[in-house]
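For the sequence shown, position 25 (counting from the first letter as 1) is numbered 213 according to the working numbering, and the numbering increases by one without interruption.
See below for the structure under consideration.
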Amino acid sequence: MSENNNKTSEQKENEVPENKVPKDTSNQAQKLETLEHQLAEKENKYVYLYAEFENFKKRAQKEKIELLQFGWEKIAYELIIVLDNLERALQHTQDSQLINGLKMVLNQLKNTIEKHGVKALETLHKPFDPNLHEAIGTEPSDHTAQTITQEQMKGYTLHGRLLRPARVILSQGPQSQKTQPIEIAKEKA
């Protein structure tokens, strides 16, 4: 029995009378609301930072791909100058053995740069595009105006990006037939 008395006396000591219950429940509710608001802010910040990190990874991957594709752009530009010079040499030589050797080197160089994304622009008889072509002159022609009639220097792209514009001559358009003045014979009376 003494155990029961001890338990009941302990329970009575632990019980707080109703008039002694803390009245600051509104303060606790405010604290809870503040903590919930802070948690929501932290979650939003986490989501934002996670999205930003994912975007960073995508940008880094894209930059890596571009570096691999366009990292040799300056070298490619220099190689197309060599290609131009080989083509000029081929046009101005008479020796058949030299012509055969130049053709082999020229074809090998073309195949090598094409394998790495360099492509020549097709220009003749195409409409002029200032993004791809550099007009260096015009001439009368049967073609419509602004059509490319001659290519003075080839243009090239590297993986779709312009490496060098083609230098071209454009058509002025068909020349209208100039009418000759008709002489009317004067009748002599």
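We treat Cβ as the ideally placed atom computed from N, Cα and C, and that holds for glycine.
Quick check on Ala354: buried or exposed, where buried means 16 or more other Cβ atoms within 10 Å of its Cβ? With 16 or more other CB atoms across the displayed protein chains lying within 10 angstroms of its CB, Ala354 is buried.
Between which two residues does the beta strand (DSSP E) holding Glu310 run? Unbroken run through Glu310: none, as it is neither H nor E.
Cα-Cα, which of Asp330, Leu358, Gly348 is closest to Gln338? Comparing alpha carbon positions, the residue from Asp330, Leu358, Gly348 closest to Gln338 is Leu358.
If you draw a straight line from the C-alpha of Glu302 to the C-alpha of Asp283, how long is it? Separation of Glu302 and Asp283 (C-alpha to C-alpha, rounded to the nearest whole angstrom) is 28 Å.
Cβ separation of Gly348 and Thr311, assumed to be a contact under 8 Å, to the nearest whole Å: Not confirmed; about 16 Å, so no contact.
Using CA atoms only, rank isn't needed, just tell me which of Gln363, Ala217, Thr222 is closest to Ala333. Distances from the CA of Ala333 to each of Gln363, Ala217, Thr222 were compared; the closest alpha carbon is that of Gln363.
What number of angstroms, rounded off, separates the C-alpha of Leu297 from the C-alpha of Thr281? Taking the straight line from one Cα to the other gives about 19 Å.
Have a look at Gly361 and Pro328 and give me their C-alpha separation to the nearest angstrom. Near 6 Å, if we compare the C-alpha coordinates of Pro328 and Gly361.
Alpha-carbon spacing of Glu275 relative to Ile336, whole angstroms: CA-CA distance, Glu275 to Ile336, rounds to 21 Å.
Can you tell me which of His304, Lys314, Leu294 puts its alpha carbon nearest to the alpha carbon of Thr345? Nearest of His304, Lys314, Leu294 to Thr345, Cα basis: His304.
Pair within 9 Å by beta-carbon distance, Leu267 and Leu278: No, they are not a contact pair.
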